[in-house]
Amino acid sequence: MAGTDSGNLKTVRLWRDAALRARKLRSNLRQLTLSAAGGSPGADQIDSPDAPQLVLPANIGDIEVLNLGNNGLEEVPDGLGSALGSLRVLVLRRNRFARLPPAVAELGHHLTELDVSHNRLSVLGAEVVSALRELRKLNLSHNQLPAMPAQLGALVHLEELDVSFNRLTHLPDSFSCLSHLRTLDVDHNQLTAFPRQLLQLAALEELDVSSNRLRGLPEDISALRALKILWLSGAELGTLPSGFCELASLESLMLDNNGLQALPAQFSRLQRLKMLNLSSNLFEEFPAALLPLAGLEELYLSRNQLTSVPSLISGLSRLLTLWLDNNRIRYLPDSIVELTGLEELVLQGNQIAVLPDNFGQLSRVGLWKIKDNPLIQPPYEVCMKGIPYIAAYQKELAHSQPAVQPRLKLLLMGHKAAGKTLLCHCLTEDTVEVSQGEGEKEKSYPASPPPVSKGIEVTSWTADASRGLRFIVYDLAGDESYEVIQPFFLSPGALYVLVVNLATYEPLRFPTTVGSFLHRVGARVPHAVVCIVGTHADLCGEQELEEKCLDIHRQIALQEKRDAEGLSRLAQVVDEALARDFELRSASPHAAYYGVSDKNLRRRKAHFQYLLNHRLQILSPVLPVSCRDPCQLKRLRDKLLSVAEHREIFPNLHRVLPRSWQVLEELHFQPPQAQRLWLSWWDSARLGLQAGLTEDRLQSALSYLHESGKLLYFEDSPALKEHVFHNLSRLIDILNVFFQRDPSLLLHKLLLGTNGEAEGEGESSPLMALPAPSQDTLRATQLHHYVEGFLLHGLLPAHVIRLLLKPHVQAQQDLQLLLELLEKMGLCYCLNKPKGKPLNGSTAWYKFPCYVQNEVPHAEAWINGTNLAGQSFVAEQLQIEYSFPFTFPPGLFARYSVQINSHVVHRSDGKLQIFAYRGKVPVVVSYRPAKGVLQPDTLSIASHASLPNIWTAWQAITPLVEELNVLLQEWPGLHYTVHILCSKCLKRGSPNPHAFPDVYPEVLALLIRKRPAC
1 MAGTDSGNLK
11 TVRLWRDAAL
21 RARKLRSNLR
31 QLTLSAAGGS
41 PGADQIDSPD
51 APQLVLPANI
61 GDIEVLNLGN
71 NGLEEVPDGL
81 GSALGSLRVL
91 VLRRNRFARL
101 PPAVAELGHH
111 LTELDVSHNR
121 LSVLGAEVVS
131 ALRELRKLNL
141 SHNQLPAMPA
151 QLGALVHLEE
161 LDVSFNRLTH
171 LPDSFSCLSH
181 LRTLDVDHNQ
191 LTAFPRQLLQ
201 LAALEELDVS
211 SNRLRGLPED
221 ISALRALKIL
231 WLSGAELGTL
241 PSGFCELASL
251 ESLMLDNNGL
261 QALPAQFSRL
271 QRLKMLNLSS
281 NLFEEFPAAL
291 LPLAGLEELY
301 LSRNQLTSVP
311 SLISGLSRLL
321 TLWLDNNRIR
331 YLPDSIVELT
341 GLEELVLQGN
351 QIAVLPDNFG
361 QLSRVGLWKI
371 KDNPLIQPPY
381 EVCMKGIPYI
391 AAYQKELAHS
401 QPAVQPRLKL
411 LLMGHKAAGK
421 TLLCHCLTED
431 TVEVSQGEGE
441 KEKSYPASPP
451 PVSKGIEVTS
461 WTADASRGLR
471 FIVYDLAGDE
481 SYEVIQPFFL
491 SPGALYVLVV
501 NLATYEPLRF
511 PTTVGSFLHR
521 VGARVPHAVV
531 CIVGTHADLC
541 GEQELEEKCL
551 DIHRQIALQE
561 KRDAEGLSRL
571 AQVVDEALAR
581 DFELRSASPH
591 AAYYGVSDKN
601 LRRRKAHFQY
611 LLNHRLQILS
621 PVLPVSCRDP
631 CQLKRLRDKL
641 LSVAEHREIF
651 PNLHRVLPRS
661 WQVLEELHFQ
671 PPQAQRLWLS
681 WWDSARLGLQ
691 AGLTEDRLQS
701 ALSYLHESGK
711 LLYFEDSPAL
721 KEHVFHNLSR
731 LIDILNVFFQ
741 RDPSLLLHKL
751 LLGTNGEAEG
761 EGESSPLMAL
771 PAPSQDTLRA
781 TQLHHYVEGF
791 LLHGLLPAHV
801 IRLLLKPHVQ
811 AQQDLQLLLE
821 LLEKMGLCYC
831 LNKPKGKPLN
841 GSTAWYKFPC
851 YVQNEVPHAE
861 AWINGTNLAG
871 QSFVAEQLQI
881 EYSFPFTFPP
891 GLFARYSVQI
901 NSHVVHRSDG
911 KLQIFAYRGK
921 VPVVVSYRPA
931 KGVLQPDTLS
941 IASHASLPNI
951 WTAWQAITPL
961 VEELNVLLQE
971 WPGLHYTVHI
981 LCSKCLKRGS
991 PNPHAFPDVY
1001 PEVLALLIRK
1011 RPAC
């Protein structure tokens, strides 16, 4: 059975009940499984070029179940019919039979079950079929049958028949004679109408005719009164006849992907219905006929055009699963909270801004999806945390007055020397005076030197005091050394200003000055709002200015068109793969999506559709600005304000918070705690009490403030959950210290730090004074050595880090917490700290991978790809490759290097490669930047083992793959592909090994089992 959503539905177990019953019945039978010579029962011989020979053992007359599956057989073993006088069940699945073997006919007088699925049957053979008169279960699925013989009707005892995934265009008239048939699977064939022969099958209980172009159902389908399970997915029905509503025994019904716009009024007669799937249809209104179905437990209405949900939905009191995603629903009825039995509630991809009060009553909901809605109450950050947090928010809102705090995050980003810092300075000045005539003063950029960037800076800007509209402006440093931390500041609900220096801009520089930044923002924050601002307009002539702005506009359009067309082509490839049978996809390693299941293909298709539907919202045209021209600055300010106040673009600006949460935030930034680097959880709890929050209500408030970027509170970290990092400006200052790659500046900070320590020990020299000459040279030399090691290898001892961070770090506890925080962020890791143990007084060394300069681990020449491949005579290589065709997330490799540290030992790091061990198994992680515009960046994870132990290599790299997948989840708009590289190509040392798509255990198992040639 199959359907568009079948892989996601719990009801898949229903139509397999018969198989489970059969398995139980077989459990007491005498069974025998045979495999070809030299093989093993689990080996798959179907692709072997030579047909294997199988010999039946002696004395098997008492065998009742014989399994000859997965052997690549074209003929059954000699003597099969005469040797098995007691055989009741014969399994011939996954072989190469082109027709039913004649020997099977000899078993007909006692054979009750026959499985010939996944073969190459194009004809059955009338004589063989007519001989199988005792057959009760027959599986012919996944073959190439164009028709069924008329003799099939003679199998009067047949109860279960599966002919799915064939090429049937019709069923024989004799089909109506199968009076005992209870289960029929005829899905994925080429039927063009509902077979009328089925209407005579009064005992039929389960029927699947999905993925046939039926284009309608007969009015007298009501004759199938025993039908309990009916799957009609993708049958192009359009409408349902009124007789359909007489199928009173129906319990499970799949009608997804049929173009339905309405249900018959009598549909409510289906009172036994427990599961109904109406996804991917054309419903504009919630079908009223569903509301009287009080026994309904699962309802799927995904991907329709619904705009509302009726309040009477509360009458579906037994509902456990409700999927309403990807519709146009603007609000939910208050009564939905009465569905207290709900376990799955999927609402993503709608237009819901406010959730009903008392939403926390839905406490049993485990599967909860709400993203891609313009939520303001509760705020998006609260909703994404789950039902318990929504309940806490609504409870708090009931305890205190609501507060609206219009404040928008504004990020200035762009290439180095684009003019971001000066633009930020000019924008955030209190007033901009525009000259009205002669004699009036015009405010312009002063003659003093322009502000110099100190790294990442944060400024609060009250853009409109009368409306209380404020921006939190982040000036993101354009230097490449800051790329590893920039992604932390890119978040949903922000306005992005991409700054371009028009004076130096040239069309050939578009990819680096504009294109790469757009790709980066789109990958991190899909559907983000971006405004392009061109600075230094006063240094360009009028025509030059117009040409450059038009070129940027044109190249943005071309890039967006190119990306969208590329994604559409990829989605089309997935559609083509889905149109082919899984067996066809698995027949050749050169087939697209070799070995990938339909379920995972549908996931890939959904991701492509998401990327296409959530392109960047790039405001047009490019706004040229000179900081010397107040008129241009005012125009820019007005533009930013008008965009910010647009409710559909920035619904979060108008979100409603409990007053106590807002007070808690304000208290964290008032003296004396405002000057501290961090607060203990108990310190925050005391502030919570002042805000009117009890301890049990504080957790949700802190979680919201963390998710919305007001402070850092890691409730999932054992080392950090007892602390609250509220002073983000000081944390940013600390990050700036680490990522300014200026050796003289770093050395100066260290010397100041040593002087400060000397003062603390009673020395009388002032802070800026140098030590005594005899000590100065030695100390400076030693500190210079540390700086050099840091800039070349990313290494620093803890005590030097403390010197570097003075005066931000005052106590040892400050330092330890800060280092834990940096490790949590993926910026550094401790080299010599035993897992879960203290250092026992030895010096702790920390490594910052983003500073490593040598491209490969310098002391490990034996680990490069050539030498690793040189071991191919004893080892099989397993290599997983991630390919990034559009953009590679900045800092990803460095952060990944930190995240895998807890999984590996004996590691050696390079800028582009890591060699380590998982236990005794070697692993190599490599990053290869793109060498040209048309080539992708790649990141690979490799290991090796002997072929019998290749699963050991898989187990070694699995945690590393999982860690990378977790990091990539931070980039929901990122397109990347994952491949398993062909071990045979790697063994041969091929420079371009064949890549099998998608890393799923099913694909890996297929590759290991089949060992396909490519």
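Residues 1 to 1014 (full-length UniProt numbering) make up the sequence shown, in order. We treat Cβ as the ideally placed atom computed from N, Cα and C, and that holds for glycine.
Taking Gly515 as the centre and dropping the five residues before and after it, the same chain places the C-beta of Gln559 closer than 6 Å to its C-beta, in chain order.
For Ser141, the CB contacts under 8 Å within the same chain, skipping 5 residues up- and downstream, are Ser117, His118, Asp162, Val163, Ser164, Phe165, Asn166 and Asp185 in chain order. A direct Cα-Cα distance of roughly 41 Å separates Leu664 from Val852. In the DSSP assignment, Gly414 falls within the beta strand (DSSP E) that extends over Arg407 to Gly414. Taking C-beta separations shorter than 8 Å and ignoring five residues to either side along the sequence, the partners of His903 in its chain run Arg918, Pro959, Leu960 and Glu963, following chain order.
Shown here for Gln899: same chain residues with a beta carbon closer than 6 Å to its own, the five before and five after excluded, namely Gly826 and Glu963 in chain order. In the DSSP assignment, Glu457 forms a beta bridge with Asp475. Non-local C-beta neighbours of Ser729 in its own chain, meaning closer than 8 Å and more than five positions away in sequence, comprise Val458, ordered along the chain.
Only exposed fits Glu547, as fewer than 16 other CB atoms lie within 10 angstroms of its CB.
Within the stretch 154-233, the beta strand (DSSP E) runs of at least 3 residues that lie entirely inside it are, in chain order, 160-162, 183-185, 206-208 and 229-231. Rounded to whole angstroms, Val809 and Leu818 show a C-alpha spacing of 9 Å.
Here the alpha carbon of Ser703 sits roughly 7 Å from the alpha carbon of Tyr713. Contact between Leu100 and Val128 is confirmed by a C-beta separation of about 4 Å, below the 8 Å threshold. By the criterion of at least three beta-carbon pairs nearer than 8 Å, the stretch 643-658 is in contact with the stretch 490-502.
Assigned with DSSP and collapsed to three states, Pro526 falls in coil, not helix or strand.
Within the stretch 606-671, the runs of beta strand (DSSP E) that reach at least 3 residues and sit entirely inside it are, in chain order, 617-624 and 656-658.
By the neighbour-count definition (other C-beta atoms within 10 Å, threshold 16), Glu542 is an exposed residue. For Ala494, the uninterrupted beta strand (DSSP E) segment begins and ends at Ala494 to Asn501.
A distance of 8 Å or more separates the beta carbons of Ala780 and Leu821. Beta-bridge analysis with DSSP links Gly534 to Val500 and Pro624. Remark: three or more beta-carbon pairs, one from each stretch, lie closer than 8 Å, so the stretch 92-106 and the stretch 59-76 are flagged as touching. Across the structure, Thr192 and Asp575 are spaced so that their CA atoms are roughly 21 Å apart. For Ala537, the closest C-alpha among the options Val622, Val209 and Ser317 is that of Val622.
Taking the C-beta atoms as reference points, Leu290 is found no nearer than 8 Å to Leu253.
Counting C-beta pairs closer than 8 Å gives fewer than three between the stretch 564-572 and the stretch 521-531, which falls short of the contact rule. Beyond the five residues adjoining it in sequence on each side, Leu332 comes within less than 7 Å, by CB distance, of Val309, Ile352, Leu355 and Pro356 in the same chain, given in chain order. Taking a cut-off of 8 Å for Cβ pairs, the stretch 658-672 and the stretch 358-365 do not touch, as fewer than three such pairs fall below it. Rounded to the nearest angstrom, the gap between the Cα atoms of His415 and Arg802 is 31 Å.
The DSSP-derived three-state label of His944 is strand. Within the DSSP secondary-structure output, Glu506 pairs in no beta bridge. For the pair Leu796 and Tyr846, the CB atoms are nearer than the 8 Å cut-off. Residue Pro922 holds the alpha-carbon nearest to the alpha-carbon of Thr952 among Ile485, Gln555 and Pro922.
A contact is defined here as three or more CB-CB pairs under 8 Å, and the stretch 276-288 meets this definition with respect to the stretch 254-262. Around Gln348, the same chain offers Asp325, Asn326, Lys369, Ile370, Lys371, Asp372 and Asn373 as residues with beta carbons nearer than 8 Å, after the five sequence neighbours per side are excluded.
Approximately 7 Å separates the beta-carbon atoms of Leu633 and Val625; this is inside 8 Å, confirming the contact. Between Asp187 and Ser211, the C-beta spacing is below 8 Å.
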